[in-house]
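All remarks here apply to the structure that follows.
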Amino acid sequence: MLSIEQAGQIDPWLGQTLPCACGKTHSVSIRKAVIERGALAELPRYAQERDYRDLLLVADRRTLEVAGRELLQLCEAAGLKADLCVLTDDEHGEIAADERVIVQLLLKVTPPVQAIVAVGSGTIHDVVRFVAHKTDRAFFSVPTAPSVDGFASVGAPLIVGGFKQTIPACAPEAIFADLTLLAKSPRPMIAAGFGDMLGKYTSLADWQLGRVLFDEPYCELAVEMTRQGLALCVDNAEEIAAGSELGMRKLMEGLTLSGISMLLVGHSRPASGGEHHLSHYWEMRFIQERRRALLHGAKVGAAAVKMAELYEAVAALSPEAAAAAIAARQASGDVLTPARMREQIRAGYGSIADQVLAENGLSGDAGAAEPQELQELPQRIIERWDAVRAVCGSVPPPAQLAEALRRVGGPTTAAELGVEPELLQDSLRYAMYVRNRYTIIRLHQWL
Ligand SMILES: [Zn+2]
Ligand SMILES: [Zn+2]
Numbered sequence: 001m002l003s004i005e006q007a008g009q010i011d012p013w014l015g016q017t018l019p020c021a022c023g024k025t026h027s028v029s030i031r032k033a034v035i036e037r038g039a040l041a042e043l044p045r046y047a048q049e050r051d052y053r054d055l056l057l058v059a060d061r062r063t064l065e066v067a068g069r070e071l072l073q074l075c076e077a078a079g080l081k082a083d084l085c086v087l088t089d090d091e092h093g094e095i096a097a098d099e100r101v102i103v104q105l106l107l108k109v110t111p112p113v114q115a116i117v118a119v120g121s122g123t124i125h126d127v128v129r130f131v132a133h134k135t136d137r138a139f140f141s142v143p144t145a146p147s148v149d150g151f152a153s154v155g156a157p158l159i160v161g162g163f164k165q166t167i168p169a170c171a172p173e174a175i176f177a178d179l180t181l182l183a184k185s186p187r188p189m190i191a192a193g194f195g196d197m198l199g200k201y202t203s204l205a206d207w208q209l210g211r212v213l214f215d216e217p218y219c220e221l222a223v224e225m226t227r228q229g230l231a232l233c234v235d236n237a238e239e240i241a242a243g244s245e246l247g248m249r250k251l252m253e254g255l256t257l258s259g260i261s262m263l264l265v266g267h268s269r270p271a272s273g274g275e276h277h278l279s280h281y282w283e284m285r286f287i288q289e290r291r292r293a294l295l296h297g298a299k300v301g302a303a304a305v306k307m308a309e310l311y312e313a314v315a316a317l318s319p320e321a322a323a324a325a326i327a328a329r330q331a332s333g334d335v336l337t338p339a340r341m342r343e344q345i346r347a348g349y350g351s352i353a354d355q356v357l358a359e360n361g362l363s364g365d366a367g368a369a370e371p372q373e374l375q376e377l378p379q380r381i382i383e384r385w386d387a388v389r390a391v392c393g394s395v396p397p398p399a400q401l402a403e404a405l406r407r408v409g410g411p412t413t414a415a416e417l418g419v420e421p422e423l424l425q426d427s428l429r430y431a432m433y434v435r436n437r438y439t440i441i442r443l444h445q446w447l
């Protein structure tokens with residue numbers, strides 16, 4: 001059994017299947033992670049070692065120039081057969097992970113192709129992750145910017161029929177993150193990767209709320225791994241802000257550790273809480289309004305500051321104050337009954353409300369009784385207030401998160417991000433329904 005002391009390292013976990021103190025057996029399907037200067041040149045060597053002789057490199061017009069052509073040459077020089085698939089931009093001059101590009105890639109996956117290589121950012125990874133999984137090909141990752149923790153993950157968030165859903169796919173077999181490339185990536189993408197990591201302060205606290213209030217399964221190892229990944233980023237914020245190779249190494253290691261922690265537990269709980277729900281809600285509304293997408297990590301960073309505000313407000317409440325706030329809500333009837341939740345979901349989600357109702361277990365009979373758990377929750381919050389408060393007090397103050405983001409050059413508020421006050425208000429009301437998962441947004445409804 002590997003020990004929790006190794007939680008801050010990547011290599012010990014690669015290719016491992018191991019029993020954990022949480023009672024589950026975890027396995028990490030990633031076999032290799034190279035985070036170095038010149039990592040690109042390692043890819044053909046690894047492919048040869050694994051006897052993959054026919055590769056398909058997937059890029060867009062930007063990442064083709066940044067890394068795609070160079071990788072193609074490296075593969076050809078090594079005697080491998082490699083073909084390029086250059087995904088074409090949409091009307092915003094971007095790539096979205098939707099049906100259009102999925103089909104474009106599928107058409108290039110000919111029978112001899114053995115491995116598909118994502119050369120680019122998170123979106124290209126998600127498209128390749130899905131197609132490699134569906135066509136049963138190996139999947140390699142070449143990140144061209146340290147912008148998200150999703151390179152290593154299993155789920156592919158795809159936009160299907162205008163609705164974003166995370167479809168189970170596979171993690172990459174190997175990751176080749178070239179520090180020279182990453183150091184050249186655009187500043188906003190570096191800041192976005194940092195923002196995605198800062199969101200772990202609030203996602204980890206949200207998981208703890210789930211444990212305290214609902215006895216939700218919890219894995220100390222996954223938590224520790226995410227924490228250490230976060231610490232690598234926060235402790236090296238100056239280097240990351242400067243875009244140095246050291247900074248890129250630490251950020252990429254942090255993102256990879258966060259990805260591995262999700263692989264360990266088989267879900268995104270350690271890495272995604274209320275801050276991600278807020279971000280997803282904004283994204284969904286942007287898609288509905290046909291607006292240009294914002295960077296995932298930029299949204300998550302600003303949303304984490306907002307979540308830290310909620311945590312701060314809740315942590316300030318004494319047990320008496322919390323009990324009084326809950327009693328006042330109950331007396332005035334201002335509580336979220338299933339009927340009221342259904343109403344809110346219909347108001348907040350428009351054409352995709354049915355999917356969101358299903359996610360929240362609310363698609364059934366509107367007259368059905370309130371679940372036992374909901375009835376007991378207010379009392380439980382009061383009874384367990386000390387533990388709840390301790391979790392809330394563990395989140396750094398919002399000003400500290402905002403300062404860290406500012407240092408790296410990321411937006412710190414919804415306004416700086418370009419999210420209007422009305423949308424922010426809507427999201428604070430409706431975003432908790434994005435996932436049926438307990439977060440500070442849900443707790444805050446009582447207080
Ligand atoms: Zn994220
Ligand atoms: Zn575990």
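Residues 1 to 447 in the working numbering are what the sequence shown lists, from first letter to last.
Every residue, glycine too, gets a C-beta built ideally from N, C-alpha and C.
These figures come from a predicted structure and were not determined experimentally.
In this model, C20 and I4 are separated by some 9 angstroms (Cα to Cα). The secondary-structure analysis by DSSP pairs S27 across a beta bridge with T17.
G161 sits in coil when the DSSP states are folded into three classes, being neither helix nor strand.
A contact between stretches requires three or more CB pairs, one per stretch, nearer than 8 angstroms, and the region 160-169 meets this requirement with the region 282-300. Annotation: C219 is outside any alpha helix (DSSP H) and is labelled neither H nor E by DSSP. If the five residues before and after P319 are omitted, its C-beta is found closer than 6 angstroms to the C-beta atoms of W385, all from its own chain and listed in chain order.
Of all alpha-carbon atoms in I35, K81 and A39, the one lying nearest the alpha-carbon of L57 is that of K81. Sixteen is the threshold: when 16 or more other Cβ atoms of the shown chains lie within 10 Å of the Cβ of D149, as they do, the residue is buried.
In the three-state DSSP reduction, L362 falls in the coil class, being neither helix nor strand.
Cα atoms of P157 and Q228: separation of roughly 25 angstroms, rounded to the nearest angstrom. With a 10 Å radius around the Cβ and a threshold of 16 neighbouring Cβ atoms, N436 comes out exposed. Counting along the chain, S261 sits inside the alpha helix (DSSP H) bounded by residues E245 to V265. Listed as beta-bridge partners of P168 by DSSP are G155. Here the C-alpha atom of D426 lies approximately 44 angstroms from the C-alpha atom of R37. Our two residues, L64 and L55, have alpha carbons roughly 15 angstroms apart in a direct line.
Not a single heavy atom of ligand 1 lies less than 8 angstroms from the C-beta of S27. Between Y218 and W207, the alpha-carbon positions lie close to 8 angstroms from each other.
Taking the C-beta atoms as reference points, V223 is found no nearer than 9 angstroms to V391.
A177 is bridged by DSSP to I35. For I345, the enclosing alpha helix (DSSP H) stretches over residues P338 to Y349. When secondary structure is reduced to three states using DSSP, S141 falls in the strand class. Relative to E309, the option among T202, Q48, V86 and A298 whose CA is nearest is T202. Taking the C-beta atoms as reference points, L278 is found nearer than 9 angstroms to K306.
Counting only residues of its own chain and dropping the five nearest sequence neighbours on each side, D178 has a CB closer than 8 angstroms to the CB of E36, R37, G38, A39, L40, A67 and V142. With a beta-carbon spacing of about 26 angstroms, L209 and T25 fall beyond the 8 angstroms limit used to define contacts.
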